[in-house]
Amino acid sequence: MLSIVVNFYNNRREAMNTLHSLTRAYQHNAAAIEFEVIALDHGSTLPLNEADVRAFGPEFHYRFVETKSVSPAAAINAACRDARGEHLLVIIDGAHILSPGIYALAERAFAQFTAPFVASVAFHLGPKQQNESVIEGYNQQVEDGLLAGSGWRNNGYRLYTIAGAFADPGMGWFGCAFEAGCFGIGKNDFLALGGFDERFVARGGGLVALDFFQRAVARERGEYVMLLGEGSFHQFHGGVASNAPKAAHPWKEFHDEYVRIRGKAFARVPRRPFYFGTLPNEAIAATRISAEHGLGLWQKAIAQGEA
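Numbering (this note's numbering), first residue to last: 10 to 316.
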């Protein structure tokens, strides 16, 4: 079984789109895949309606977490421990809509590799990174119009046509990623890594997702697998980091916590992945940008002796 753990916080609008992208009808070639979706509602002041979550299908389960913590690390770890599947898909920010090939490709990757860490690339919906577009008037209402006009519910790859930027400077599939909006890993491997480090208590978990990504990529045992042509698409929801103007971004606060915990500055692990998948037509433009600028990052790292 594949267990999908998705975390929400005051995401009533975004959750309906994200949960739709996790359904059997939306995900390609998912008819024979046994899966469950654990929808966490992490202390929301405006919680999701359990009936709305369960309406997406018998695979969907709702869990409200009564907490004052602003970091979801402990709640996600608990859900992963309780998951029935031997393989996990984890979405730390429930504002991410998935592309429709992730379930099938992740299942194939788990079958193909011994102990894979399966990553997907994250994108921002809208004309550019939302930290920039928010200053120019981008908001949920504008985004609703883009989503409605894209036809993504009938063809999830149409999300590429309304996504103007990668979510981080890693520059996509061919770059050097910081994190993944959605990642897959064996349950035992997740637990062996200690899951998300619960010492990260900053808003939204701070750099907890980046920390886990780098630790997973750095494993001596296990393969790093990138799902080519697949992605997750971040919806605007007023997030503390993703939707903060760059001048007000909490990076320093988050990085200071990282240094206190790890005793060093954050740095990406320069490891190249196995590529698994294919490219839908809608992703060609993003692929071209990733190949040009992402591979440039590797060339720079090689020249500086970092890779």
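For glycine and all other residues, C-beta sits at the position ideal for the given N, C-alpha and C.
- Proximity of the stretch 257-268 to the stretch 204-212 meets the contact definition, three or more beta-carbon pairs being nearer than 8 Å.
- Residue 15 places its beta carbon 8 Å or farther from that of residue 106.
- Residue environment analysis places residue 290 among the exposed positions, since fewer than 16 neighbouring C-beta atoms fall within 10 angstroms of its C-beta.
- When DSSP reads this structure, residue 284 sits in a beta bridge with 235.
- For residue 258, there is no enclosing beta strand (DSSP E), as DSSP marks it with neither H nor E.
- Considering only 170, 110, 108, 124, the residue with the shortest C-alpha distance to residue 135 is 170.
- Per DSSP, reduced to three states, the secondary structure at residue 101 is coil, with no helix or strand assignment.
- The straight-line gap separating the alpha-carbon atoms of residue 250 and residue 121 is approximately 36 Å.
- Straight across, the Cα-Cα distance linking residue 98 with residue 33 is about 15 Å.
- The beta carbons of residue 82 and residue 47 sit about 15 Å from each other, so the pair does not count as a contact at 8 Å.
- Residue 230 and residue 285 have their C-alpha atoms some 19 Å from each other.
- A straight line joining the alpha-carbon of residue 73 with that of residue 64 spans about 16 Å.
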